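131 is the number that full-length UniProt numbering gives to position 131 of the sequence shown; each next residue is one higher, with no gaps. Yeah, the Cβ is synthetic: ideal placement off N, Cα and C, and Gly gets one too. As the structure is a prediction and not an experimental result, all values here were calculated from the model. Inspection log for the structure reproduced underneath, given as structure tokens.
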Amino acid sequence: MSIRGVVSHLEELGCSVTEVSLPSFSLGLPAYYILASSESSSNLSRYDGVRYGNQCESEELNSLYENTRARGFGSEILMYKCSLIPNRIYRRDAIEAYKRNKRNFPREVFNGGFILEKIASPKSTGQLSLSNTNVDDNPNVSFNYFSHTEDVQKCVEGIRLVEKLLASKHLTNYMSSDDETFEKLLNLSVRANFNFIPKHTNDTKSVEQLCKDTVITIWHYHGGCHVGKVVSPDYEVLGVQRLRVIDGSTFSLSPGTNPQGTLLMMGRYMGLKMLRQRLGRVAGF
Numbered sequence: 001m002s003i004r005g006v007v008s009h010l011e012e013l014g015c016s017v018t019e020v021s022l023p024s025f026s027l028g029l030p031a032y033y034i035l036a037s038s039e040s041s042s043n044l045s046r047y048d049g050v051r052y053g054n055q056c057e058s059e060e061l062n063s064l065y066e067n068t069r070a071r072g073f074g075s076e077i078l079m080y081k082c083s084l085i086p087n088r089i090y091r092r093d094a095i096e097a098y099k100r101n102k103r104n105f106p107r108e109v110f111n112g113g114f115i116l117e118k119i120a121s122p123k124s125t126g127q128l129s130l131s132n133t134n135v136d137d138n139p140n141v142s143f144n145y146f147s148h149t150e151d152v153q154k155c156v157e158g159i160r161l162v163e164k165l166l167a168s169k170h171l172t173n174y175m176s177s178d179d180e181t182f183e184k185l186l187n188l189s190v191r192a193n194f195n196f197i198p199k200h201t202n203d204t205k206s207v208e209q210l211c212k213d214t215v216i217t218i219w220h221y222h223g224g225c226h227v228g229k230v231v232s233p234d235y236e237v238l239g240v241q242r243l244r245v246i247d248g249s250t251f252s253l254s255p256g257t258n259p260q261g262t263l264l265m266m267g268r269y270m271g272l273k274m275l276r277q278r279l280g281r282v283a284g285f
């Protein structure tokens, strides 16, 4: 039923429907992403950061992960979750390629948890250039992951740390068997990785090669439109009239957490600034 249909139905029932103005309605989603997580974090801080949650019986790591985070908390924590809005412009052939690749995943991938390593402040830099002047065509992109030796060393140190973590009694108690050596888990990681980088036969023999072949994205792209190089401090594209870029590509470094709330507030701020510049006090903000 449409909104007008609902209004008509309410009026038929004797209700009085009155229009109201909500000038700050657009702030709702940014406020949700910023305030909800802050309040949740504040309340969760009352618990032990390592063992918060109820102790739950579990036969495998996957159900343990789910149960300990779903029991013993109120609706405030359970209701807070980051919404994922699917991007509808993925190419169909890329989606089909992913499906084919996913069918080859080892069965063990879906029976437990996983550990990701993130490289902070990477020194490796990519290259980006336009292929032509058609805005609908993708640019030429080379990410150059792990092209800097310091990034590779950080990854190697991270994997060694994961090895120590997996050898601790806190995790060995949840291993299904003693046969799950670290090398076996590394082999499983190579087979289960969903990137399309060609793999090498010596992946688990060379940790450096393992890092390069199993690298994946966390989808927080940034750095394509640096302020001062591509856009002005007001996010106007240099050399182009009436065009601004206000998104994660203007970041020289991406926030450590999900940047969605930051981007929403930045967009709101620039929108208000533009209205004030054009309308002055008439803007009413």
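Discussion item. For R268, which residues in the same chain have their Cβ closer than 8 Å to its Cβ, ignoring the five residues on either side in sequence?
Written reply: S26, L27, P30
Discussion item. Measuring straight from C-alpha to C-alpha, what distance separates E183 and Q209?
Written reply: 14 Å
Fill in: Opposing strand residues paired with S129 [DSSP bridges]
N140
Discussion item. Rounding to the nearest angstrom, what Cα-Cα distance links K123 and T18 in this structure?
Written reply: 58 Å
Practice prompt. Measure the alpha-carbon distance for Q241 versus V230 and round it to whole angstroms.
Written response: 13 Å
Fill in: Between the CA atoms of S129 and D137 - distance to the nearest angstrom
12 Å
Item to complete: Specify, as a first and last residue, the run of the alpha helix (DSSP H) that E12 falls within.
Response: 3 to 12
Discussion item. Using only the alpha-carbon positions, how far apart do E258 and F143 sit?
Written reply: The sequence given here places Asn at residue 258; Glu does not occur at that position. If you take the alpha carbons of N258 and F143, they lie about 20 Å apart.
Worksheet item: Count the other CB atoms within 10 Å of the CB of I115; is the residue buried (16 or more) or exposed (fewer)?
Response: exposed
Worksheet item: Hey, how far is the Cα of Y145 from the Cα of K212?
Response: 7 Å
Practice prompt. Spell out a yes or no on whether the segment 215 to 235 and the segment 244 to 256 are touching, meaning 3 or more CB-CB pairs, one atom from each, closer than 8 Å.
Written response: yes
Fill in: Start-to-end residues for the alpha helix (DSSP H) that takes in L272
260 to 279
Worksheet item: Relative to the alpha-carbon of D234, which residue among L22, M266, G223 has its alpha-carbon at the smallest distance?
Response: M266
Worksheet entry | Simplified DSSP assignment, three categories, for Y90 | At Y90 the pLDDT is 45, less than 50, meaning the model places this residue with poor confidence and gives no usable figure here.
Worksheet item: Who are the near neighbours of M270 in its chain, counting only those whose CB is closer than 8 Å to its CB and skipping five residues on each side?
Response: D234, Y235, R244, I246
Worksheet item: Start and end of the alpha helix (DSSP H) containing I159?
Response: 149 to 166
Worksheet item: Run through DSSP, which three-state label would E208 get?
Response: helix
Worksheet item: What's the C-alpha gap between V282 and S232?
Response: 26 Å
Practice prompt. Quick one: residues in its chain with C-beta nearer than 8 Å to the C-beta of G248, no 5 flanking neighbours on either side, listed in chain order?
Written response: H220, Y221, H222, S254, P259, L263
Worksheet item: When DSSP labels each residue in this structure, what does V190 get in the three-state scheme?
Response: helix
Item to complete: Pull up the distance between the alpha-carbon of I3 and that of A167, whole angstroms please.
Response: 58 Å
Item to complete: Might you give, ordered along the chain, the residues of its own chain that have their beta carbon closer than 6 Å to the beta carbon of I159, omitting 5 neighbours on each side?
Response: V207
Discussion item. In this structure, how does DSSP classify V231 when only helix, strand and coil are distinguished?
Written reply: strand
Practice prompt. Use the C-beta contact count for G5: other C-beta atoms within 10 angstroms, 16 or more gives buried, fewer gives exposed.
Written response: exposed
Discussion item. Counting C-beta neighbours from all protein chains within 10 Å, is the total for C225 16 or more, i.e. buried, or is it exposed?
Written reply: buried
Discussion item. Per the DSSP calculation, E236 is bridged to which residue(s)?
Written reply: R244
Discussion item. Is there a Cβ of chain D sitting closer than 8 Å to that of K169, yes or no?
Written reply: Note that chain D does not occur in the displayed structure, where there is just one protein chain.
Discussion item. For I197 and S189, what's the separation of their Cα atoms in angstroms?
Written reply: 13 Å
Fill in: Euclidean distance between Cα positions of G239 and V7
50 Å
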